[in-house]
Structure formats: structure tokens, C-alpha cells
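Here is the structure we will look at, set down as C-alpha cells.
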Amino acid sequence: MLRLGTALALIATAAPALAEEVNLYSYRQPELLQPLTDAFTEATGIEVNVAYIDKGLEERLVAEGDRSPADLIFTVDISRLAAAVQAGVTQPVESAVLEENVPAQYRDPDGQWFGLTTRARIVYASKDRVDPSEITSYEDLADPKWKGRICTRSGTHDYNVALVAAMIHHHGEEYAKQWLQGLKDNLARRPQGNDRAQVKAIWAGECDISLGNTYYMGQMLSDPEQVEWADSVNVLFPVFENGGTHVNISGVAMTKSAPNRENALKMMEYLTSPEAQEIYAHANYEYPIAPGTEADDLVKGWGSFTADDTNLMTLAEQRGAALRLVEEVDYDG
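For the sequence shown, the residue numbers in mature numbering (1 follows the signal peptide of the UniProt record, and there is no 0) are -19 to -1, 1 to 314.
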């Protein structure tokens, strides 16, 4: 008859060791995260499982409740991070490492989410038809001199809503509405397509300037069919008249259920390290935010800018007002 200690030892030897893991729900495609997750696993031995979710992430987490396998949420845009917080599917995280690596304007004041990389909302301008000195501010876009010369995607898209929210923050709702009406009056065509489609329209001569995120330039330059579009425009970094260049973020939040909380925290802290910041930013043509980190040479080649220092959660609070203004001026009509 086996003694109890011997039996337990045999069972422990026979049973496979439980793998250390962390589970991500991501709005970003797994291939965009692959270089980062591979580096994290190599550094820590913790396996990373990524579930790509095209839409309805918050609803899925609500439905799963405490049974959710997700530890972390990866997403882009402050509105999506704020939506996760409002849905009650995240939890606050306290970490000296995160607070040291993530500047205050790029993290939730209550620790519910932390930014990882930034992208600027900039102007793409025709090299042939626009003098770069003509556009220095976002406010300039409502100037009648641009009538029939601007292309944008839908006004209700998260990227444009965030910009309108920033305009409200800097100037108030009445001014923001007038600005939005002026921008609409200057459109060359009804809002349509994505940010790259606007650059294609500039290349085709349909308009002269457009709004877009910086990383789309990198994506166009890496696509042989779109290099011509990218080469037809300059990247300009306008500012608010009383602020800096509007930026948005990619970010991470820990889920309320987080079955692997310790591993999730390790990954969050790793993601804000200089090594991980540069891997992630370089893979996606974005800007790292940790102190002492630099963007990829290609990205730096587009020019330098001073980011607006407004906390992004402040802008998220204006999202409802921004959407209302877009509807009131019938921007997409």
C-alpha cells in the first residue's frame, strides 16, 4: 500500500504542469499583435491567447460575466476604452510601473485603462495643389477658401467624433458646431470610405486635403497598389489654436473577471516597457509613449509635432455632445 505522500508525488509527476497563460480579447487583428505577444512569451514563458473580435466586445464580456476567460482588452480609440469602462467590464489597476511608463494624459485617472501607442489625426495635403503653410490649425479647415476641396470619412466614425470632442473641449459646443458646419460646407463630396480612400481621392484629383491618422501613411507605403497615393500627399500636423496636435491611442484594460490577473498585470507592465513599446509602435507605424522611446525612422520622417496634452478621458466625456453636433449639421447628408 502506498503512503499518502508517495501517492501525491506520483500524481504530481504524472499530471502535466498547467501552462502559464494570459487571454486577450482584441479589436486589433492578431497578426498586428504577433510580434509583441511572441516577445512577451519569450521574456516570461507566459503563453498568450488572442481572440480577435470585430465588434460587440463589451456585449460579449457582459454576457460572459464572471465566467469570461478574457484577462485583457486590446483596442484602439479612446471611445472604445471609455465604452468598456462604462459597461462595467474592466477593473482598476494600481502599478508603479504603469504610472511611470504611461504619461498621465494617456491613462485613465482611475486606472481603468492605459495607453500603449499614439497616432496623430493629421491633414493629408496634395503636394501639387496645396502649400503646406496654408494649414496650421484644425480651425483652418472651416475657412471658406477650402470650399469644395476637402474629403473625409463619415462624421460619425470614432476618429472624427474624437476630433469634434476635442474641438468642443477647446472652444465649447457653439464654436464646435460652427466649425463642423464650415468643414461640411468645404467638402468636395459626401463623406465616404476610410482614411486611405480620402488619400486616393486626393491622388485622383477629387479633392486637395483630407483628415486621416498618421499610421495609414505607413500602411499605404507598404502596399504596392497604394504607394502612388501616399507619394501624392504631404503629412501636415495641425494644432488647436490653444493646444497641440490631436492624438488618439491604442490601449489596454484588465477585465473585471480576469482569471489570470497576475499574468495579466505582468503583460500590462511589459507592454509599457521601452522594448515592447518600440516593437508595438514599429509594427503598426505608431508612436510609442514610454519615456525614452522613439518612433520608427519611417514614422519620424513624416515630421515632428507637439501632442495636445488634454487627458483623453476628458474627450471621451464629450463624445455624446460631439455625436449630437454631427447629427445636427447633418454632416454625412
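Note that the Cβ used here is the ideal one computed from N, Cα and C, for glycine as well.
| task | Please determine if the region 266 to 282 and the region 126 to 135 are in contact, where contact requires at least 3 C-beta pairs separated by less than 8 Å. | result | These segments do not touch.
| task | Output yes or no for whether 8 Å exceeds the beta carbon distance between ILE260 and PRO16. | result | Numbered from its first residue, the sequence shown carries residue 260 at position 279. Numbered from its first residue, the sequence shown carries residue 16 at position 35. Yes, the Cβ-Cβ distance between ILE260 and PRO16 is below 8 Å.
| Where ARG48 falls, given that 16 or more other Cβ within 10 Å makes a residue buried | As a first step, residue 48 must be located in the sequence shown, where it is residue number 67. Counting Cβ neighbours within 10 Å, ARG48 comes out exposed, since fewer than 16 surround it.
| request: Enumerate in chain order the residues of its own chain whose CB-to-CB distance from ALA(-3) is below 6 Å, with the five nearest sequence positions on each side excluded. | output: The residue you call residue -3 lines up with position 17 of the sequence shown. In this prediction, ALA(-3) scores a pLDDT of 38, lower than 50, which makes its location untrustworthy; no coordinate-derived value is stated.
| Residue range of the unbroken alpha helix (DSSP H) whose run includes PHE21 | What you label residue 21 is simply residue 40 of the sequence shown in a count that begins at 1. Run containing PHE21: 11 to 25, per the alpha helix (DSSP H) assignment.
| If we count Cβ pairs, one from each stretch, closer than 8 Å, do we get three or more for the region 154 to 162 versus the region 178 to 191? | Contact between the region 154 to 162 and the region 178 to 191 is absent, because fewer than three Cβ pairs lie under 8 Å.
| Bridge partners of LEU304, per DSSP? | Residue mapping note: residue 304 aligns to position 323 of the sequence shown, counting from 1. For LEU304, which the question treats as bridged, DSSP gives no partner whatsoever.
| query | Leaving out the 5 sequence neighbours to the left and right, which residues in its chain are closer than 6 Å to GLU120 when beta-carbon positions are compared? | reply | The sequence position of residue 120 within the sequence shown is 139, counting from 1. Counting only Cβ-Cβ distances below 6 Å, and skipping sequence neighbours, we find GLU222.
| query | Three-state secondary structure (DSSP) at ASN229? | reply | Within the sequence shown, residue 229 is the residue found at index 248, counting from 1. If DSSP states are grouped into helix, strand and coil, ASN229 belongs with the strands.
| request: Hey, could you find the ends of the alpha helix (DSSP H) ILE149 is sitting in? | output: Residue numbering aside, residue 149 sits at position 168 when the sequence shown is read from its first letter. Membership of ILE149 in the alpha helix (DSSP H) is indicated by the continuous run 139 to 152.
| field | Entirely enclosed alpha helix (DSSP H) segments - the region 172 to 258, minimum 4 residues | value | Runs found: 176 to 184, 196 to 202, 208 to 212, 242 to 252.
| said: For LEU296 and GLN10, what's the separation of their Cα atoms in angstroms? | reply: Locating residue 296 in the sequence shown gives position 315, counting from the first residue. Locating residue 10 in the sequence shown gives position 29, counting from the first residue. Those two C-alpha atoms are separated by around 26 Å.
| said: Less than 7 Å between C-beta atoms, sequence neighbours within five positions excluded: which residues of the same chain meet that for ALA218? | reply: Looking up residue 218 in the sequence shown gives position 237. Checking the sequence shown, residue 218 turns out to be Phe, not Ala. The beta carbon of PHE218 is closer than 7 Å to those of ALA101, ILE103, THR226, GLY284, PHE286 in its chain, skipping five residues each way along the sequence.
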